[in-house]
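Quick note on numbering: the sequence shown equals residues 0 to 393 in numbering that gives the first Met the number 0. Ideal Cβ placement from N, Cα and C applies to all residues, glycine included.
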Amino acid sequence: MVVWLRRYSFLLLFFCVSGCIEPFEPKVTDKSTDYLVVDGAINSQGMTVIRLSRTTGLAQNAKVPIEGKARVFIEEEAGKQYPLLEGPVGTYTSAALTLPAGKAVRLHFTTVGGREYASDFTPVKTTPAIDSVTWRARQEGVQIYVNAHDDTQQSRYYRWTYDETWEFTSGFLSVIKYDRGNMVYRTASEDIYHCWSSAVSTAIKLGTTTKLGQDVVSQQPITLLPPNSTKLRYKYSILVKQYAQTLEEYQYWEALRKNTENIGTLFDPLPTQTVGNVHNLANKSEVVIGFVGAQSVTEKRIFIDEARLPHDWTYITGYENCIVPDTMERPFTGGGAAVPLTQQQKIDFFKAGVDIPIDEYVRPGTSTVNYLYSTAECVDCRRRGTNVRPSFWR
């Protein structure tokens with residue numbers, strides 16, 4: 000009897016627990032928020048790039064609305080202005096500027112609809128040089144670090160971004176190509192096997208030295224590359240950019256980081272509203288997303304060669320699903336007999352560009368020339384990058 004009750008209790012508990020699980024489908028508003036987004040900072044020792052756009056509702060699948068045809072300029076507190084020119088649409092760039100440290104500047108612009116906006120005046124910060132960018136191969140992958148210091152003790156708050164570039168090869172090496180009804184050998188400049196791909200950082204990387212006696216950044220983690228990353232297969236390069244910030248700018252980015260990266264578990268902090276420093280001059284209650292700081296930017300580039308990494312690491316190529324190269328099929332007649340392709344038919348097979356010839360192939364015991372081929376996605380590395388060697392590559 001006791002055994003039966005235990006079994007019954009267990010089954011009852013199982014059905015009660017399983018019955019409590021219901022799918023949760025949150026209501027997503029299709030209302031367009033249409034908030035103005037200001038992305039960028041004033042570069043005191045170079046060109047300033049500002050991007051203006053608008054937000055959309057979560058239920059909307061439209062492209063991000065770009066805020067074009069605005070009149071944008073950098074403004075000193077004394078009134079002097081430096082214009083930014085548009086190109087491409089929604090992106091505004093200044094000439095190379097030299098703004099002295101400590102001078103109060105702001106971004107000022109008027110949209111095509113006549114609304115006038117400006118950021119708060121902020122003092123120009125001088126960003127110290129990056130001492131070094133280092134890396135270490137660990138079981139988890141390649142960890143990259145940045146090191147810096149400020150002898151004047153005036154920086155204290157830092158932000159980093161980075162640009163990545165890596166060399167890669169396509170699935171198959173093509174030595175011939177279709178050219179106006181002929182099959183010809185590729186020249187070195189027509190190589191579509193070796194390419195380079197690039198990416199810009201999206202994670203928010205911040206650091207502060209306020210709790211240290213010296214303004215020293217030591218082994219600050221920047222990014223971690225998995226041990227099987229395609230980026231490490233041949234040669235990888237990272238350009239780290241450093242920005243000194245005011246306390247207000249740092250707090251804005253820290254709040255934004257928490258809202259975007261630390262959400263998803265019961266123990267994560269609740270989202271908070273990130274208050275930027277850009278305002279509608281005629282309507283202070285309008286929500287504007289963005290914080291425009293002003294600082295010089297310092298940067299440093301390093302390279303990591305695959306030969307310096309653990310020899311037992313294997314890398315994803317991105318072409319694992321490409322099938323073994325084949326020769327084109329012979330067409331069949333109505334009776335089912337195979338009709339050999341003429342040489343011109345074989346060549347014209349590649350005219351559409353869907354498939355790309357790899358090399359000539361002569362079947363043993365014959366003198367008939369066929370062509371090995373595969374899809375453009377598996378042969379042409381330009382589908383995933385560029386075959387133009389970067390000027391900084393070494």
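{"query": "Below 8 angstroms, how does it come out for the region 233 to 244 and the region 159 to 171: are there three or more Cβ pairs, yes or no?", "result": "yes"}
{"query": "Assuming the contact rule is C-beta atoms closer than 8 angstroms, ILE65 and TYR144 should be a hit. Round their C-beta distance to whole Å, please.", "result": "About 36 angstroms; that fails the 8 angstroms criterion."}
{"query": "Okay, do the region 338 to 353 and the region 309 to 322 touch, 3+ Cβ pairs below 8 angstroms being the bar?", "result": "no"}
{"query": "Quick one: give me the first and last residue of the beta strand (DSSP E) that ALA375 is part of.", "result": "Note, ALA375: premise wrong, no beta strand (DSSP E); alpha helix (DSSP H) at 375 to 378."}
{"query": "Quick check on TYR91: does DSSP put it in helix, strand or coil?", "result": "strand"}
{"query": "Could you tell me the alpha carbon to alpha carbon distance between ASP150 and THR186, rounded to whole angstroms?", "result": "53 angstroms"}
{"query": "Since TYR251 and GLY275 should fall inside the 8 angstroms C-beta cutoff, what is the C-beta to C-beta distance between them, to a whole number of angstroms?", "result": "6 angstroms"}
{"query": "For ALA100, does the three-state DSSP call read helix, strand or coil?", "result": "coil"}
{"query": "What residues in its chain sit with their C-beta under 6 angstroms from that of ALA198, if we drop five residues either side in the sequence?", "result": "GLU163"}
{"query": "In the DSSP output, which residue or residues are listed as bridge partners for GLN219?", "result": "VAL145"}
{"query": "Is ALA243 helix, strand or coil by DSSP?", "result": "strand"}
{"query": "Should ASP214 and GLN152 be called a contact, given that it needs their Cβ atoms to be closer than 8 angstroms?", "result": "yes"}
{"query": "Among LEU96, VAL48 and TYR116, whose alpha-carbon lies nearest the alpha-carbon of ASN282?", "result": "TYR116"}
{"query": "How many whole angstroms separate the CB atoms of ARG393 and PHE302, which I take to be in contact at a CB cut-off of 8 angstroms?", "result": "7 angstroms"}
{"query": "Considering only DSSP beta bridges, list what ILE175 is partnered with.", "result": "TYR184"}
{"query": "So is THR208 buried or exposed if we call it buried at 16+ other beta carbons inside 10 Å?", "result": "buried"}
{"query": "Hey, quick one: how far does the alpha helix (DSSP H) through ILE346 stretch, first residue to last?", "result": "342 to 347"}
{"query": "According to DSSP, is THR229 part of a helix, a strand, or is it coil?", "result": "helix"}
{"query": "Counting pairs of Cβ atoms below 8 angstroms between the region 89 to 99 and the region 187 to 197, do you hit three or more?", "result": "no"}
{"query": "Decide if PRO363 is buried, meaning its Cβ has at least 16 other Cβ atoms within 10 Å, or exposed.", "result": "exposed"}
{"query": "Between which residues of its own chain and GLU139 is the CB-CB distance below 8 angstroms, once the five residues before and five after are set aside?", "result": "LEU223, PRO225 and PRO226"}
{"query": "Here's the rule: buried if 16 or more other CB atoms are within 10 angstroms of the residue's CB, otherwise exposed. What is TYR184?", "result": "exposed"}
{"query": "In whole angstroms, what separates the C-alpha of ALA40 from that of ASP130?", "result": "23 angstroms"}
{"query": "Thinking C-beta only, is SER295 closer than 8 angstroms to THR126?", "result": "yes"}
{"query": "Taking VAL111 as the reference, which of LEU205, THR245 and LYS68 has the closest Cα?", "result": "LYS68"}
{"query": "Less than 8 angstroms separating the beta-carbons of PHE171 and SER373?", "result": "yes"}
{"query": "Leaving aside the five residues before and after LYS176 along the sequence, list all residues of the same chain whose C-beta is less than 7 angstroms from its C-beta, in chain order.", "result": "VAL183, ARG185, GLU189 and PRO356"}
{"query": "For the beta strand (DSSP E) that ILE315 lies in, which residues bound it at each end?", "result": "That residue, ILE315, is in no beta strand (DSSP E); it is neither H nor E in DSSP."}
{"query": "Whose C-alpha, out of VAL368, ILE49, TYR192 and PRO324, is nearest the C-alpha of PRO87?", "result": "ILE49"}
{"query": "Relative to the C-alpha of GLY212, which candidate in THR121, HIS148 and TRP159 has its C-alpha closest?", "result": "HIS148"}
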